[in-house]
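Residues -20 to -1, 1 to 692 (mature numbering (1 follows the signal peptide of the UniProt record, and there is no 0)) are what the sequence shown spells out, left to right.
The block underneath contains the structure these notes are about, expressed in structure tokens.
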Amino acid sequence: MKLINSRISILVLCLIFATACKNNKDKSMNITPPVAPKHPTQLEKHGDVRIDDYYWMNNREDQQVLDYLNAENEYFQKMTAHTQKFQDELFKEMKGRIKEDDSSVPYKLDGYWYITRYEEGKEYPIYSRKKESLEAEEELLFDCNEMAKNHEFFNLRGVSISPDNTMAAFGTDTISRRQYNIQIKNLESGEIYPDIIENTTGSSVWTNDNKTLFYTKKDPVTLRSDKIFKHVLGSSSGEDELVFHEKDSTYNTFVYKTKSRKYIVIGSGSTLTSEYRILNADNPEGEFKIFSPREKGVEYSISHFEGDFYVLTNKDGATNFKLMKTNENDTSSEHWKEFIPHQEDVLLEDVEIFRDYYVVTERNNGLNQMKIAKWDGSDSYYLPFDSETYVAGPSVNLDFDTNVLRYYYNEMGEPYAIIDFDMETQTKTVMKQQEVLGGKFDKDNYKTERLWATARDGKKVPISIIYHKDTPLDGTSPLLQYGYGSYGATIDPYFSSIRLSLLDRGFIYAIAHIRGGEYLGRPWYEDGKLLHKKNTFTDFIDVSKFLIDQKYTSSEHLYAMGGSAGGLLMGAIINMEPELYHGVIASVPFVDVVTTMLDDTIPLTTGEYDEWGNPNEKEYYDYIKSYSPYDNVEAKNYPHLYVSTGLHDSQVQYWEPAKWVAKLREYKAGDNLLFLDTNMDAGHGGASGRFEALKETAKEYAFILDLEGKAL
């Protein structure tokens, strides 16, 4: 009898809880969203006048702006209060799959084994090393948990060890604007020198004298990387010498050291053009020599081996790139000789150089390939990969004098592995396999597929897809479709333990490999940029319609997601086909394209002309305006929308999504949800902590799971 009563009590409590949740949700429907003030600003170009009612939002110091962002945050929090407990559960669930006390696979450099590890209960990595043997005593380099104290945001990057192993240069960002301060730590005494080099990329490189450091500074307004300086240990950063100034505002500059350790290299690059300068690392007082002068539309990168440079380039119409070779004393392009020819159907992505072997990374029909070859031409072969939904590529390979290639591999439904492959014996050793904790994960519970949708112009668009084996494929299942499609960036079908929180609740997850990325080679990118940009949007829509036609989902259960340039994609598709999607997640979305591309004081603008076009030219102005999400908001039924941004975002300024949401509130019809969630402490990458970022993902997942009635 007591057992029966306890069951009844549990049932009653569940009913009470469910009723309370429903009541809370019902109450949230009566909450009034904020209304942004309208202060019309007239913007004119090429005789075309645009009236921007929310242009005033582009001042993060304006209290009215901060008040509006805080009001939107408060509205979002109240409207989603009924899912707060569920968000917490999702966070704990996702965190529970991750091994907290984890560490990287050690790699060896100049007699030391370097290790990155995490400790249980801590958000940030710990960097350490051990001399000669992994059994040696650990030498602590940086404990980011200590360094992050008293900061809402923290990121360390660009750790650079001097050749004699006694000094470490490193960059830190505590604002999330990607403006790093470089300092130097004495690894023998543990002292961090007080001199601070401000407003850098965080990266630096030592010459072979162990006291000279080259680094990159940013323009303080545009944040463009435009100057290379030389710093001498013991001197003030105010005395640093400017060695190179990239004056072309469409280019960024950077500096690094070749794997051979012989050369310091200054690179300059725009979207479509490259140029390099080289200096013998033994001669820090010398002058950099141009490797080969920039030619518009010619991209190249360089690797040094013995007395030669190997040049990966698209020169002479090699759209998918070819590898060329030239003597280190005659480096201009007229001296380049073909080493690996161009292939029409295979993209040559990278080359890794060792003493006896070189490894070429290719992409054939969307799939990663790694070809291993001996320098003497006596042997070559491909690493065997069987799946159609996998990611593979070189990992950390800093040592010339080895026969071991370290690479990573994972399938969409199987955790990643770090593998050491002996190129001589052709045997492999799995050095680390990602652990998925919690005791519930079984790779056999998930199915992966590669599908091909036919776009409206006849092109075949690939789709990588994963779902739980028990998920019905009858049109009733919810599906989250992800896309990016810009800058030639390829979103590979990677494994995600976090994604399991959707798959285990019946969601299908699909990556649309649309034009604008390089999944199908360089022509796939070229056909999704500039005056072909709309192919990116129509590809994504055509993939959605294909998935509906094939009964993977329906419009009532279809969701779309993208961030940054992928957020532009989200804005474009909901203007074009708003009723195709039930809900959309747009993270740090680039949505006010015309205004941003006309403002050359904004970070990234001038360097983006080769990607989007320069709207100072009327042809590009008209084309960009025809798809810019902010300029094409209309009175229509938009899907449910969750939009996120960061107040300190340096890549996509916060005011773009803020203005977009304000305009959508003004124009949209119907009662569908519209949320703007601003992280007031972070930038483009979101929260900096290892697990804090999961809370942002929990918000996104809770949003779509709640729309599916799965948030209880």
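For each residue, glycine too, the CB sits at the ideal point set by N, CA and C.
Under the Cβ criterion (8 Å, minimum of three pairs), the stretch 473 to 490 counts as touching the stretch 440 to 455.
Within the same chain, F570, I582, T585, Q633 and E636 come within 8 Å of T576 by CB-CB distance, once the 5 residues on both sides are set aside. Sequence-distant Cβ neighbours of L23 in its own chain, meaning closer than 6 Å and more than five residues away, are R30 and D32.
In summary, L627 is buried, with 16 or more beta-carbon neighbours lying within 10 Å of its beta-carbon over all protein chains present.
Sorting I208, E221 and G287 by C-alpha distance to the C-alpha of R257 places I208 at the top. Contact between the stretch 525 to 532 and the stretch 598 to 606 is absent, with fewer than three C-beta pairs closer than 8 Å.
Nearest Cα to R274 within the set K239, L252 and G543: L252.
Leaving aside the five residues that flank P473 on each side, the residues in its chain whose CB is nearer than 7 Å to its CB run, in chain order, T369, Y370, V371, M392, S444 and I491.
Under the three-state reduction of DSSP, P452 is assigned to coil, being neither helix nor strand.
As computed with DSSP, Q163 is found in a beta bridge with F150. When the five nearest sequence neighbours on each side are left out, the beta carbons in the same chain lying within less than 6 Å of the beta carbon of K408 are those of I399 and F401, in order along the chain.
In the DSSP secondary-structure assignment, Y426 is bridged to H448. In this structure, D123 keeps its C-beta atom at 9 Å or more from the C-beta atom of Y98.
The beta carbon of L120 lies closer than 6 Å to those of S108 in the same chain, with the five residues before and after it left out. Here S205 is buried. Its C-beta has 16 or more other C-beta atoms within 10 Å. A direct Cα-Cα distance of roughly 23 Å separates T658 from Y160. In the structure shown, the three-state DSSP call for P558 is helix.
Just so you know, the alpha carbons of R386 and Y94 end up roughly 15 Å apart. For Q44, the enclosing alpha helix (DSSP H) stretches over residues Q43 to M59. Ranked by how close their Cα comes to the Cα of M541, the residues S567, D651, Y290 and D90 have S567 in first place. Per DSSP, reduced to three states, the secondary structure at R137 is strand. DSSP places W640 in the uninterrupted alpha helix (DSSP H) bounded by W635 to Y647. With a cut-off of 8 Å on Cβ pairs, the stretch 41 to 53 is not in contact with the stretch 341 to 351, counting fewer than three such pairs. Separation of V564 and K102 (C-alpha to C-alpha, rounded to the nearest whole angstrom) is 33 Å.
Counting only residues of its own chain and dropping the five nearest sequence neighbours on each side, R479 has a CB closer than 7 Å to the CB of Y489.
Closest by C-alpha distance to L222, out of E267, L167, G546 and N135, is E267. Annotation for A545: S466 and F570 place their beta carbon closer than 6 Å to its own, counting only its chain and skipping 5 residues before and after.
Between Q406 and P395, the CB-CB gap reaches or exceeds 9 Å.
If only uninterrupted alpha helix (DSSP H) runs of at least 4 residues are considered, those enclosed by the stretch 561 to 632 are 573 to 577, 589 to 592 and 598 to 607.
Looking at the backbone, the Cα of N130 and that of I155 are separated by about 12 Å. Taking C-beta separations shorter than 6 Å and ignoring five residues to either side along the sequence, the partners of K690 in its chain run R485, following chain order.
Here DSSP, grouped into helix, strand and coil, assigns G496 to coil. Take T96, set aside five residues on each side of it, and the residues of its chain with a beta-carbon closer than 6 Å to its own are S84, P105 and Y107, in chain order.
Its Cα nearest to that of G508, the residue G496 stands out among E314, E73 and G496. Taking C-beta atoms under 8 Å as the contact rule, V212 and K191 qualify, at a distance of about 6 Å. In this structure, the CA atom of G373 is about 8 Å from the CA atom of Q349.
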